[in-house]
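Q: Residue numbers (my numbering): 3 to 531. Backbone N, C-alpha and C fix where the C-beta goes; we use that ideal spot for every residue, glycine too.
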Ligand code: G4P
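1. How far does the alpha helix (DSSP H) with residue 181 in it reach, from first residue to last?
2. Is residue 415 helix, strand or coil by DSSP?
3. Can you check the region 127-158 for any beta strand (DSSP E) of at least 3 residues that lies completely inside it and give the ranges in chain order?
4. Restricting to Cα atoms, I'd like to know which of 7, 166, 521, 426 is closest to residue 236.
5. In three-state terms, what does DSSP make of residue 237?
6. Go through the region 445-472 residue by residue and report every complete run of the alpha helix (DSSP H) that reaches 4 residues or more, in order.
7. Classify residue 54 as helix, strand or coil using the three-state DSSP reduction.
8. Just to confirm before moving on: does the CB-CB distance between residue 388 and residue 495 stay below 8 Å?
9. Compute the minimum distance between the beta carbon of residue 81 and the heavy atoms of the ligand G4P, and state whether it is under 7 Å.
10. Just list the residues that DSSP pairs residue 15 with in beta bridges.
11. Tell me whether the beta-carbon of residue 278 lies closer than 8 Å to the beta-carbon of residue 362.
12. Following a CB-centred definition, is residue 212 positioned closer than 7 Å to any heavy atom of the ligand G4P?
13. Please determine whether the Cβ atom of residue 146 lies at a distance below 7 Å from any heavy atom of the ligand G4P.
14. Taking 7 Å as the cut-off, is the C-beta of residue 20 nearer than that to any heavy atom in the ligand G4P?
15. Would you check if the distance between the CB atom of residue 98 and the CB atom of residue 303 is smaller than 8 Å?
16. Closer than 7 Å to a non-hydrogen atom of the ligand G4P - does that hold for the CB of residue 329?
17. Alpha carbon to alpha carbon, what distance is there between residue 168 and residue 125?
18. What first and last residue would you give for the beta strand (DSSP E) that runs through residue 494?
19. Closer than 6 Å by C-beta to residue 397: which residues in its own chain qualify, once you throw out the five before and the five after it? Chain order, please.
20. Got a sec? Which residues, its chain only, sit under 7 Å from residue 208 by beta carbon, not counting five neighbours each side?
21. How big is the Cα-Cα spacing for residue 226 and residue 301?
22. Where are the alpha helix (DSSP H) runs, 4 residues long or more, that stay fully inside the region 246-329, in chain order?
23. With contact counted as at least three CB pairs below 8 Å, one residue from each stretch, are the region 475-492 and the region 445-457 in contact?
24. Would you say residue 27 touches the ligand G4P, meaning its beta carbon is less than 7 Å from a heavy atom?
25. Can you find a heavy atom of the ligand G4P that lies under 7 Å from the Cβ of residue 24?
26. Please confirm whether any heavy atom of the ligand G4P lies closer than 7 Å to the CB of residue 117.
27. Can you have a look at residue 252 and say buried or exposed, based on whether 16 or more other CB atoms are within 10 angstroms of its CB?
28. How would you write the range of the beta strand (DSSP E) that residue 242 sits in, first residue to last?
29. On the criterion of 16 or more Cβ atoms from any shown chain inside 10 Å, does residue 331 qualify as buried, or is it exposed?
30. At what residues does the beta strand (DSSP E) containing residue 333 begin and finish?
31. Tell me the rounded alpha-carbon separation between residue 268 and residue 256.
32. Ordered along the chain, which non-local residues of its own chain (more than five positions away) have a Cβ less than 8 Å from that of residue 373?
33. CB of residue 260 to nearest heavy atom of the ligand G4P: below 7 Å?
34. For residue 405, which residues in the same chain have their Cβ closer than 7 Å to its Cβ, ignoring the five residues on either side in sequence?
35. Helix, strand or coil for residue 403 per DSSP?
36. Can you list, in chain order, the residues of its chain whose CB lies under 6 Å from that of residue 54, leaving out five sequence neighbours each side?
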């Protein structure tokens, strides 16, 4: 047995992802109830930013403040230690979500049975596919009149390019919703609204679907339909191939209603059985085996303390191998220095506790005064970075206009630190010094403006730029790349790591340049390492 095998095998680190309003917060809360981490419903402060708050930036910051506490929620269920990483629901913070997905080993995707696949669902799944992250699908709101179950599954399969494998099967939806049939352990789970976490009295085990108990429970018509559906579904799918799930090729599907705590336990029980424990990870140098004795981990999220009196930030470290210990020295690879942490904390949902040790799969909050940026690695001496932590092509661009020349230095520092945190991306015009900020959402500009002033005393304005996308450009033909950057110099910028970026005014320009320059590769994401 390897040194930390027991600790590693008991951990499951995952995130719940969904389009806003599909039910992520509600499902999170039910999972915490099962884990005994909270006692009553309504105890989880949602970190979601309500739609009406989009103009109320202070409200957003207040909510972001709350969200630190719920960034990671750890709880035990049936001897498994579950680390649930929260992701912001608001689309303007989508990059935060994408990066959090690099720190999990699997995800649960919530889909609203009425709305089916939505915008954010698509984007989030794209990110999961980049890493072949195993996915379990929870089809929520079965108590509403949703789409036809077969049509819905087909839509999800087609839109998200993933094979689905139903684990439970619904009996009707909306006000006729009667429950689900568990295809795996052949039991009928009858729907009752607002089921308590431990309630299992409405489960009927059915060894033979022809048993007339089905008629008693469901009525003739629904019993017959269920038999037909099950025959069809079983015929197509057979038993779940766990290898395919672990490879991100097949997603087990559960139907339920989060707000009624229905169908959630079936999913959770399957989740702890099949979801992967922390796995080995690729780095710039070698594969780091999760069972190695030596510590390694990376920073995937940085949360600033918005109180100007406390300039510290919290950096979130995902542990990938070894044991993390309080007060022990580790190597900060990028800064080439030894660092130690006297108050690392864990995120057991009941409280934020200082911890003595942590293991692969765990996330530790480290107080930081500005030494970390996203993608930084801690090791016990070796030099490498974990790969696959992407920067995404931003979609809104603005030039930074300094309103107070006396504060130029503070501004430069502020811009560097905020972009290290991953709030936005900074581009410098090629051969010039125009600074352009690229974000995925408008809200970030407000956040940046506010924080530059509050934390750095720098006052800025933004000037809109007519770009539609930023693409990182590379080529094996150096001359062609040089020529392209020269001819297009007004559309070329450098990112913070001096990588070349092409700023396209429109899709048409982008397509034209791609066609005219077949030797140049246009990338829509850039890996930090
Ligand atoms: P999100 O985090 O994905 O954005 O979604 P959230 O859980 O906040 O759920 C969005 C809305 O959908 C909430 O209603 C929630 O109560 C409701 N909901 C969640 N699960 C179900 C379900 O299984 N069936 C039905 N019918 N509704 C569900 P809301 O009115 O926006 O908020 P609230 O005032 O009820 O909290």
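A: So, from the listed chains and residues:
1. Along the chain shown, read from residue 1 onward, the residue named residue 181 stands at position 179. Annotation: residue 181 is outside any alpha helix (DSSP H); the continuous beta strand (DSSP E) that includes it extends over 181-184.
2. As a working mapping, residue 415 is identified with position 413 in the chain shown. Looking at residue 415 - three-state DSSP - the assignment turns out to be helix.
3. Runs of beta strand (DSSP E) with 3 or more residues, each lying fully within the region 127-158, are found at 137-142, listed in chain order.
4. Numbered from its first residue, the chain shown carries residue 236 at position 234. Of 7, 166, 521, 426, the residue nearest in Cα terms is 166.
5. On the chain shown, position 235 is the one that residue 237 refers to. Of the three classes helix, strand and coil, the one that applies to residue 237 here is helix, per DSSP.
6. As far as the region 445-472 is concerned, its whole alpha helix (DSSP H) runs of at least 4 residues are 445-458.
7. Translated into the one-based positions of the chain shown, residue 54 becomes position 52. Because the pLDDT of residue 54 is 40, which lies under 50, any placement of that residue in the model is unreliable, and the number read from its coordinates should be weighed accordingly. Residue 54 falls in the helix class under three-state DSSP.
8. As a first step, residue 388 is located in the chain shown; it is residue number 386 there, counting from the start. As a first step, residue 495 is located in the chain shown; it is residue number 493 there, counting from the start. No, these two residues do not count as a Cβ contact at 8 Å.
9. Start at 1 with the first residue of the chain shown, and residue 81 comes out as number 79. Flag unset: Cβ of residue 81 not near the ligand G4P.
10. Numbered from its first residue, the chain shown carries residue 15 at position 13. According to DSSP, residue 15 bridges with 85.
11. Position 276 of the chain shown, counted from the first residue, corresponds to residue 278. Position 360 of the chain shown, counted from the first residue, corresponds to residue 362. For residue 278 and residue 362, no; Cβs fall outside 8 Å.
12. In the chain shown, counting from the first residue as 1, residue 212 sits at position 210. For the ligand G4P, not one heavy atom lies less than 7 Å from the Cβ of residue 212.
13. In the chain shown, the residue the question calls residue 146 occupies position 144. Correct: residue 146 has its Cβ closer than 7 Å to the ligand G4P.
14. Position 18 of the chain shown holds residue 20. Because some heavy atom of the ligand G4P lies under 7 Å away, the Cβ of residue 20 counts as near it: yes.
15. On the chain shown, residue 98 is found 96 positions in, with the first residue counted as 1. On the chain shown, residue 303 is found 301 positions in, with the first residue counted as 1. With contacts defined as CB atoms closer than 8 Å, residue 98 and residue 303 qualify as a contacting pair.
16. The residue given as residue 329 occupies position 327 in the chain shown. Checking every heavy atom of the ligand G4P against the Cβ of residue 329, none is found closer than 7 Å.
17. Taking the first residue of the chain shown as 1, we reach residue 125 at position 123. Taking the first residue of the chain shown as 1, we reach residue 168 at position 166. Near 23 Å, if we compare the C-alpha coordinates of residue 168 and residue 125.
18. Position 492 of the chain shown holds residue 494. That run of the beta strand (DSSP E) goes 494-496.
19. Counting from one through the chain shown, the residue named residue 397 turns up at place 395. Contacts found: 442.
20. Stepping through the chain shown from its first residue, residue 208 is reached at position 206. The residues are 188, 189, 190, 215, 216.
21. Within the chain shown, the letter at position 224 stands for residue 226. Within the chain shown, the letter at position 299 stands for residue 301. Residue 226 and residue 301 have their C-alpha atoms some 53 Å from each other.
22. You should have 266-276.
23. By the criterion of at least three beta-carbon pairs nearer than 8 Å, the region 475-492 is not in contact with the region 445-457.
24. Here residue 27 refers to the residue found at position 25 of the chain shown. Between the ligand G4P and the CB of residue 27, the shortest heavy atom gap is smaller than 7 Å.
25. The count along the chain shown starts at 1 and reaches residue 24 at position 22. Yes, the beta carbon of residue 24 sits closer than 7 Å to at least one heavy atom of the ligand G4P.
26. Translated into positions along the chain shown, residue 117 becomes position 115. Closer than 7 Å to some heavy atom of the ligand G4P: that does not describe the Cβ of residue 117.
27. Translated into positions along the chain shown, residue 252 becomes position 250. Counting Cβ neighbours within 10 Å, residue 252 comes out buried, since at least 16 surround it.
28. In the chain shown, residue 242 corresponds to position 240, counting from 1. Element bounds for residue 242: n/a, residue is neither H nor E.
29. The residue labelled residue 331 in the question sits at position 329 within the chain shown. That one is exposed.
30. If you number the chain shown from 1, residue 333 lands on position 331. Per DSSP, residue 333 belongs to the beta strand (DSSP E) from 332-334.
31. One-based indexing of the chain shown puts residue 268 at position 266. One-based indexing of the chain shown puts residue 256 at position 254. Each residue's alpha carbon lies about 8 Å from the other.
32. In the chain shown, residue 373 corresponds to position 371, counting from 1. 334, 337, 341, listed in sequence order.
33. As a working mapping, residue 260 is identified with position 258 in the chain shown. For the ligand G4P, at least one heavy atom lies less than 7 Å from the Cβ of residue 260.
34. Sequence index remark: in the chain shown, residue 405 carries index 403 (1-based). Around residue 405: 461, 462, 463.
35. Counting from one through the chain shown, the residue named residue 403 turns up at place 401. It is a strand residue.
36. Residue 54 sits at position 52 when you count from the first residue of the chain shown. For residue 54, the predicted structure reports a pLDDT of 40, less than 50, and the residue's modelled location is therefore unreliable. A value from the coordinates is still provided. Result list for residue 54: empty, nothing under 6 Å.
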